[in-house]
Every structure is written in C-alpha cells, then in structure tokens.
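The listed protein sequences derive, respectively, from chains A and B. Take 1 as the starting number for the first sequence in the numbering used here and just add one per residue. Take 118 as the starting number for the second sequence in the numbering used here and just add one per residue. A short worksheet on the structure shown next.
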Amino acid sequence: MRHVARRPAIEHPKPLTEPVLLILMSLAAQPRHGYALIKDIETLSRHRVRLSTGTLYGALRRLLDEGWIERFEQEDTSRDKQAYRLTSEGRRQLELELDRFRELSRAGFARLRLGDA
Amino acid sequence: MGAIFRVLLYLYPQRHRELLGAEMQAVFEQGAQEHRLLGPSQYLRFVLLEVGGLVLHAAIAQFANATHRGYLENQVNGTLAPPQDLPDEVIEAQNRVAVNLNQLLLAISHHQFVQARFYSNEERKARENLRQMQEKYGIGDPQPLP
C-alpha cells in the first residue's frame with residue numbers, strides 16, 4: 001500500500017482562469033441559468049469573450065465541486081434550465097481575486113508613472 | 118446538429134452527463150437558434166467552436182475523472198487529491214490513464230490528430246486495465262468510468 005501525501009494548503013490561491021472569473025462576476029449580481037450566463041459574459045467582456053457550452057459547463061462543474069456556486073431552486077425550473085448562484089465562499093473568492101487585480105493595477109500604474117517621469 | 122451534439126456528450130464521464138447533459142444540450146440549442154439567424158458563416162463558426170470546445174472539455178473532464186482530482190483542486194488551489202491507500206498496481210494503472218489522457222490533450226491542442234487517435238486507443242486500453250485492477254482489489258469507484 002502506498003500513502004499519497006497531501007500537499008499543505010496554499011494560502012494564496014492561483015489566479016482564477018478567465019471563464020471562472022467571468023462566471024463568478026456574472027453571478028455576483030443575480031442568479032442566472034446557463035444561456036443567460038453566456039449572454040451576460042458577452043456583455044461584461046464587451047463582446048470579447050463568448051464561452052462555448054463545453055467551456056461554460058466545465059467551469060460550472062468545477063465551481064459546483066468546489067462549493068463556490070450552487071444550483072438555485074426556481075419555481076419554473078426544469079431539468080434543462082437550472083439556475084446558479086454564488087455561495088458565500090464563491091463571493092469571498094471573487095473578492096480575493098478582485099483585490100489581487102486592484103493591487104496589480106495599482107503597481108502597474110505606479111510603474112508607468114515612473115517611466116513617464 | 119442537435120443530434121450530433123447529443124452524441125458528442127457521450128465523450129463526457131457518465132456523472133457529468135447525468136448532472137449537466139440536459140442543460141448543455143438546451144444551451145447549445147438556444148445558441149444554435151440564435152446563430153442560425155445571423156447567416157451561414159456565423160452559424161458554421163458557432164458550430165465549429167462549440168464542437169471544438171466540447172471535445173476539449175470532455176477530454177479534460179475525463180482526465181479529472183481518471184485522476185480523481187477535483188477540477189478546481191487542479192486549476193485553482195493547486196492541492197493534491199485526498200490521501201488514499203491504494204495497491205501499487207491500481208496507482209500504476211491510474212497513472213497510465215492519466216499519462217495517456219495528458220498526451221491525448223496535448224495532441225488535440227497541437228492539432229496532431231493521428232497521435233490523438235493513437236493516445237485515445239492507448240487511453241481506452243489503460244482505462245480497461247484500471248477497471249480490471251479495481252475489480253481485482255474490490256475497489257468501488259466513486260466516479261464510475263463512462
């Protein structure tokens with residue numbers, strides 16, 4: 001028998017992939033079902049990103065596994081039109097990522113100002 | 118096109134299909150309806166991107182399924198799967214599946230379809246071997262093989 005060692009948890013998680021970030025951002029405002037997510041992400045990204053069905057549901061499955069989003073019961077929900085919403089952990093992860101972006105852009109602008117001076 | 122999409126969904130692990138297959142089909146059909154109105158070239162582009170995305174993400178899902186790692190554990194947190202005591206033969210069989218799937222993904226991403234077919238066959242054999250090993254040791258698979 002071999003024991004598989006667990007690596008210690010990383011305090012600063014890796015950056016989120018773009019589809020994951022955009023899905024979390026889209027769900028931050030309100031619960032949405034799959035197609036509404038694709039359309040909202042198109043709008044959010046100013047038509048730069050259109051997720052394919054495979055990409056969207058790959059990311060949704062990961063987020064469900066991780067507990068960052070959950071399926072949302074709606075009165076008119078059918079099996080093929082399920083809505084999703086952020087969990088408190090998902091919201092926390094999104095805030096962490098946006099904080100990281102804020103720090104990065106602050107540092108980037110500071111460097112630009114140094115270059116201009 | 119909906120029928121082809123439905124068939125392609127069989128590339129995904131059974132658990133993924135059961136959980137999300139019907140929704141994926143519905144989302145694809147909504148997108149197809151919208152793009153059909155935009156003209157043949159837009160529709161063709163949509164179909165190619167959808168099929169490509171589906172095949173790629175099915176391969177990723179199979180990889181995650183075979184290695185029993187949560188997707189986000191691989192992609193976001195960078196942690197390993199929970200500790201488990203398994204016979205060496207099973208671990209080796211799991212690794213063989215993972216290696217072949219990894220090669221398959223690489224081949225697809227480089228558009229090397231001859232190699233992709235080769236690794237697809239190798240992966241199928243490795244998966245069958247893994248199933249036999251699991252049977253031999255009476256290990257129940259929490260995420261059943263497709």
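Each residue gets a CB set at the ideal place from its N, CA and C atoms; glycine is no exception.
A distance below 9 angstroms separates the beta carbons of L21/A and E97/A. Membership of A83/A in the beta strand (DSSP E) is indicated by the continuous run 83-86.
The Cβ atoms of E140/B and Q179/B lie no closer than 9 angstroms to each other. By a beta-carbon distance limit of 8 angstroms, Y57/A does not contact I69/A. Their separation comes to about 12 angstroms. Here DSSP, grouped into helix, strand and coil, assigns L16/A to coil. Within chain B, the residues whose beta carbon sits less than 8 angstroms from that of R61/A are H133, L136, L137, A178, Y188, listed in sequence order. Considering only beta carbons, the part of the region 207-219 of chain B lying closer than 7 angstroms to chain A consists of I208, in chain order.
The beta carbon of A143/B falls within 9 angstroms of a beta carbon belonging to chain A, placing the residue at that interface. For I69/A, the secondary structure class from DSSP, reduced to helix, strand or coil, is strand. V172/B has a beta carbon lying within less than 9 angstroms of a beta carbon in chain A. L51/A carries a coil assignment under DSSP once its states are collapsed to helix, strand and coil. Among the bridge pairs identified by DSSP, H133/B is matched with none.
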